[in-house]
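Chemist:
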Amino acid sequence: MKPGEMKQTYSIFSLARNAFSFHQGWQMAWRQPEPQPSYDIVIVGGGGHGLATAYYLAKNHNITNVAVLEKGWLGGGNTGRNTTVVRSNYLWDESAHLYEHSLKLWEGLSQELNFNVMFSQRGLLNLVHTQHEVREARRRVYANQLNGIDAEYLDAGEVKAFCPLLDTSPDRRYPIIGATLQRRGGIARHDAVAWGYARAADSLGVDIIQNCEVTGFRVEAGRVTGIDTTRGPIATKKVGVVVAGHAGVMAAKAGFRLPIESHPLQALVSEPVKPVLNCVVMSGAVHVYVSQSDKGELVMGAGIDSYNSYAQVGSPHIIEYLLNALLELFPTFGRLRMMRQWAGIVDTCIDASPIIGKTPIDNLFFNCGWGTGGFKATPGSGWVFAHTLATGEPHRLNEAFSLDRFARGTLIDEHGAAAVAH
Amino acid sequence: MLLIPCPYCGPRDEHEFSYGHEAHIARPKDPFALSDAEWVDYLFMRANPKGWHRERWVHSKGCRRWFNLLRHTVTHEIRASYAMDAEPPRSEP
Numbered sequence: 027m028k029p030g031e032m033k034q035t036y037s038i039f040s041l042a043r044n045a046f047s048f049h050q051g052w053q054m055a056w057r058q059p060e061p062q063p064s065y066d067i068v069i070v071g072g073g074g075h076g077l078a079t080a081y082y083l084a085k086n087h088n089i090t091n092v093a094v095l096e097k098g099w100l101g102g103g104n105t106g107r108n109t110t111v112v113r114s115n116y117l118w119d120e121s122a123h124l125y126e127h128s129l130k131l132w133e134g135l136s137q138e139l140n141f142n143v144m145f146s147q148r149g150l151l152n153l154v155h156t157q158h159e160v161r162e163a164r165r166r167v168y169a170n171q172l173n174g175i176d177a178e179y180l181d182a183g184e185v186k187a188f189c190p191l192l193d194t195s196p197d198r199r200y201p202i203i204g205a206t207l208q209r210r211g212g213i214a215r216h217d218a219v220a221w222g223y224a225r226a227a228d229s230l231g232v233d234i235i236q237n238c239e240v241t242g243f244r245v246e247a248g249r250v251t252g253i254d255t256t257r258g259p260i261a262t263k264k265v266g267v268v269v270a271g272h273a274g275v276m277a278a279k280a281g282f283r284l285p286i287e288s289h290p291l292q293a294l295v296s297e298p299v300k301p302v303l304n305c306v307v308m309s310g311a312v313h314v315y316v317s318q319s320d321k322g323e324l325v326m327g328a329g330i331d332s333y334n335s336y337a338q339v340g341s342p343h344i345i346e347y348l349l350n351a352l353l354e355l356f357p358t359f360g361r362l363r364m365m366r367q368w369a370g371i372v373d374t375c376i377d378a379s380p381i382i383g384k385t386p387i388d389n390l391f392f393n394c395g396w397g398t399g400g401f402k403a404t405p406g407s408g409w410v411f412a413h414t415l416a417t418g419e420p421h422r423l424n425e426a427f428s429l430d431r432f433a434r435g436t437l438i439d440e441h442g443a444a445a446v447a448h
Numbered sequence: 012m013l014l015i016p017c018p019y020c021g022p023r024d025e026h027e028f029s030y031g032h033e034a035h036i037a038r039p040k041d042p043f044a045l046s047d048a049e050w051v052d053y054l055f056m057r058a059n060p061k062g063w064h065r066e067r068w069v070h071s072k073g074c075r076r077w078f079n080l081l082r083h084t085v086t087h088e089i090r091a092s093y094a095m096d097a098e099p100p101r102s103e104p
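Chains as they are written, first to last, in this note's numbering: chain W, 27 to 448; chain V, 12 to 104.
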């Protein structure tokens, strides 16, 4: 397939047509181009956020002389390792606006990309177990409603009616006494998000280059002019770095530090079972989040491993805490077998909010610090980062998420406020 | 699971310990003399290396004393365990 060649549209008709040729006639979803000597904009990192950035650069800003460089394969990092929860019920205004913009983009994403991202708005419960949590949850519901985000508070009986599998009996060690509900929250197919954005960006002319690791930045007079990669140097006017857990490594190559540490975040899936869990359930107090994938597996995660690591493995006692929490909420899962377990390296920022914008080097922009909750933000993150790269200035939705907020003392402290412990 | 050599109690399981993040960040002697940028650098910025990392731990379910480790953030190998006031070991062999 050549650049600019029309992409086949995916539909029930193309599925039927290709069935006649035993599915041998499908186009490649994106090209495999060689890196060019120069680009207007280079995006480092071919995960969901980087690919979304490339797509919105082309779509919203008509900038198509763009390369996305990925050291491994598309979506092989945290995009393919997260627990796929999508929600926007954040407490603080800055976060609420950004995540709600993202959620609105999710709602039309499959149609927009002509790629089924299997976005399922099945509702999301944040359970509360103490009187203090009740007050915090109600406060968050009011804050969400004032920001135009759907939010409800449910008492224990309503929680039981919404999610019958939960054990809401009052004699539990940590009884469920209520929950907040975001009906528009849900899950999506994480790989499909990377693939859908890649295919759409590629069809608009963006070069997606895999197996190409950035080894250094070329900086002249405080301004980035190019990058060195394992496939040769590339000249460029602007660079956007979206590498999640390796943000600190890239910052060190550019000669500055970030208020970020990298930690393993573990997740696991059970064997597939029939549909049993009809919504996403999160609990900050016993600390687990769980949903059921369309394949029937229960997908779950909890907190990060405490220590800095780039190893993509964590310690087993974290899994024990997670499963203790799961069984506190759902004793019936006690006989489920777990099938796979893994870890991703998350870039946890000191105030549990992302950093999106300028760096000490001109024309070098970073989008990082999403920590444990970046997947839900994929479309919105790409949208605002594309704006930042195209115009050189932040979008109004990411103004507050600048790196200089730490010097100004305007941190966006989402520890706990974000409806889950970080 | 890490097997952490407490300098006071010997090797113990990771879950007896709590993590204290990057070590050897000295509080500035005269904070009021710092610029905003220098204060931010002290307060928030971290090295976060992919490689050898000097970090603080506390044996919170044991002797409850703080100490430092030199640990690799990719292999999780622990090369040194030393007292808070000891000279930090070199990261290269």
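Beta carbons: idealized from backbone N, C-alpha and C, even for Gly.
1) Verify the contact flag: PRO357 (chain W), CB atom, against every heavy atom of the ligand MG, threshold strictly below 8 Å.
2) Quick check on HIS448 (chain W): does DSSP put it in helix, strand or coil?
3) Which runs of the alpha helix (DSSP H) at least 4 residues long sit entirely within the segment 260–319 of chain W? Give them in chain order.
4) Anything in chain W within Cβ reach of ARG57 (chain V), meaning under 9 Å, just list it in chain order.
5) If I measure Cβ to Cβ from VAL68 (chain W) and keep anything under 7 Å in the same chain, skipping five residues before and after, which residues do I get?
6) Roughly how many angstroms separate the alpha carbons of ASN142 (chain W) and ALA214 (chain W), rounded to a whole number?
7) How would you call GLU60 (chain W), buried or exposed, if buried means at least 16 neighbouring beta carbons within 10 angstroms?
8) Tell me ASN79 (chain V)'s beta-bridge partners as DSSP assigns them.
9) Less than 9 Å between the beta carbons of LEU294 (chain W) and ALA84 (chain W), yes or no?
10) Among residues of its own chain, excluding the 5 on either side of ARG244 (chain W), which ones have a beta-carbon nearer than 6 Å to its beta-carbon?
11) How big is the Cα-Cα spacing for ILE286 (chain W) and GLU159 (chain W)?
12) For PRO420 (chain W), count the other beta carbons within 10 Å of its own beta carbon; 16 or more makes it buried, fewer makes it exposed. Which is it?
13) Quick one: what does DSSP say LYS384 (chain W) is sitting in, helix, strand or coil?
14) When the Cα atoms are used, what is the spatial distance from ALA218 (chain W) to ALA97 (chain V)?
15) Could you pull out every unbroken alpha helix (DSSP H) segment of at least 4 residues lying fully inside the segment 383–437 of chain W, listed in chain order?
16) Does DSSP classify MET12 (chain V) as helix, strand or coil?
17) Given a cut-off of 9 Å, decide if GLN171 (chain W) and ALA177 (chain W) are closer than it, judged by their beta-carbon atoms.
18) On a CA-only basis, which of V:GLY31, V:LEU54 and V:PRO60 is nearest MET276 (chain W)? Give me that one, please.
19) With respect to the alpha helix (DSSP H) encompassing LEU170 (chain W), which residues constitute its N-terminal and C-terminal limits?
20) Could one say the Cβ of PHE455 (chain W) lies closer than 9 Å to chain V's Cβ atoms, at least one of them?
21) PHE427 (chain W) and GLU120 (chain W) - do their beta-carbons sit closer together than 9 Å?
22) Note down the Cα distance separating MET95 (chain V) from ARG23 (chain V), rounded to an integer number of angstroms.
Modeler: With the given structure in hand:
1) In the structure shown, the ligand MG is absent, as is every other ligand, since no ligand is present at all.
2) Here residue 448 (chain W) corresponds to residue number 422 of the first sequence, with the count starting at 1. Legend: pLDDT at HIS448 (chain W) = 46, less than 50; position of this residue unreliable, no value from coordinates given.
3) Fully contained in the segment 260–319 of chain W are the following alpha helix (DSSP H) runs of length 4 or more, in chain order: 273–280.
4) Residue 57 (chain V) sits at position 46 when you count from the first residue of the second sequence. Per Cβ cutoff of 9 Å: GLY274, ARG283, LEU284, PRO285, ILE286, GLU287, ASN334 and ILE376.
5) Numbered from its first residue, the first sequence carries residue 68 (chain W) at position 42. Excluding residues within five positions, the ones whose Cβ falls inside 7 Å are ALA93, LEU95, ILE253, ILE260, THR262 and VAL265.
6) Against the first sequence, residue 142 (chain W) aligns to sequence position 116. Against the first sequence, residue 214 (chain W) aligns to sequence position 188. Distance from the CA atom of ASN142 (chain W) to the CA atom of ALA214 (chain W), rounded to whole angstroms, is 9 Å.
7) Residue mapping note: residue 60 (chain W) aligns to position 34 of the first sequence, counting from 1. Exposed.
8) To locate residue 79 (chain V), count along the second sequence from 1; it is residue 68. For ASN79 (chain V), which the question treats as bridged, DSSP gives the partners V:ARG67 and V:TYR93.
9) On the first sequence, position 268 is the one that residue 294 (chain W) refers to. On the first sequence, position 58 is the one that residue 84 (chain W) refers to. In this structure, LEU294 (chain W) keeps its C-beta atom at 9 Å or more from the C-beta atom of ALA84 (chain W).
10) Locating residue 244 (chain W) in the first sequence gives position 218, where the first residue counts as 1. Taking ARG244 (chain W) as the centre and dropping the five residues before and after it, the same chain places the C-beta of THR251 and GLY252 closer than 6 Å to its C-beta, in chain order.
11) In the first sequence, the residue the question calls residue 286 (chain W) occupies position 260. In the first sequence, the residue the question calls residue 159 (chain W) occupies position 133. ILE286 (chain W) and GLU159 (chain W): Cα-Cα distance of roughly 28 Å.
12) Within the first sequence, the letter at position 394 stands for residue 420 (chain W). Flag for PRO420 (chain W) reads buried.
13) Translated into positions along the first sequence, residue 384 (chain W) becomes position 358. Looking at LYS384 (chain W) - three-state DSSP - the assignment turns out to be strand.
14) For the purposes of this step, residue 218 (chain W) is identified with residue 192 of the first sequence, where counting begins at 1. For the purposes of this step, residue 97 (chain V) is identified with residue 86 of the second sequence, where counting begins at 1. If you take the alpha carbons of ALA218 (chain W) and ALA97 (chain V), they lie about 51 Å apart.
15) With a minimum length of 4 residues, the continuous alpha helix (DSSP H) runs that stay inside the segment 383–437 of chain W are 404–417 and 431–434.
16) If you number the second sequence from 1, residue 12 (chain V) lands on position 1. MET12 (chain V) carries a coil assignment under DSSP once its states are collapsed to helix, strand and coil.
17) If you number the first sequence from 1, residue 177 (chain W) lands on position 151. If you number the first sequence from 1, residue 171 (chain W) lands on position 145. Closer than 9 Å, so yes.
18) Residue 276 (chain W) sits at position 250 when you count from the first residue of the first sequence. Nearest of V:GLY31, V:LEU54 and V:PRO60 to MET276 (chain W), Cα basis: V:PRO60.
19) If you number the first sequence from 1, residue 170 (chain W) lands on position 144. According to the sequence displayed, residue 170 (chain W) carries Asn and not Leu. Element bounds for ASN170 (chain W): 157–172.
20) Since the first residue of chain W shown is 27 and the last is 448, residue 455 (chain W) is not available in this structure.
21) In the first sequence, residue 120 (chain W) corresponds to position 94, counting from 1. In the first sequence, residue 427 (chain W) corresponds to position 401, counting from 1. The answer is yes: Cβ separation under 9 Å.
22) Here residue 95 (chain V) refers to the residue found at position 84 of the second sequence. Here residue 23 (chain V) refers to the residue found at position 12 of the second sequence. Taking the CA atoms as reference points, MET95 (chain V) sits about 18 Å from ARG23 (chain V).
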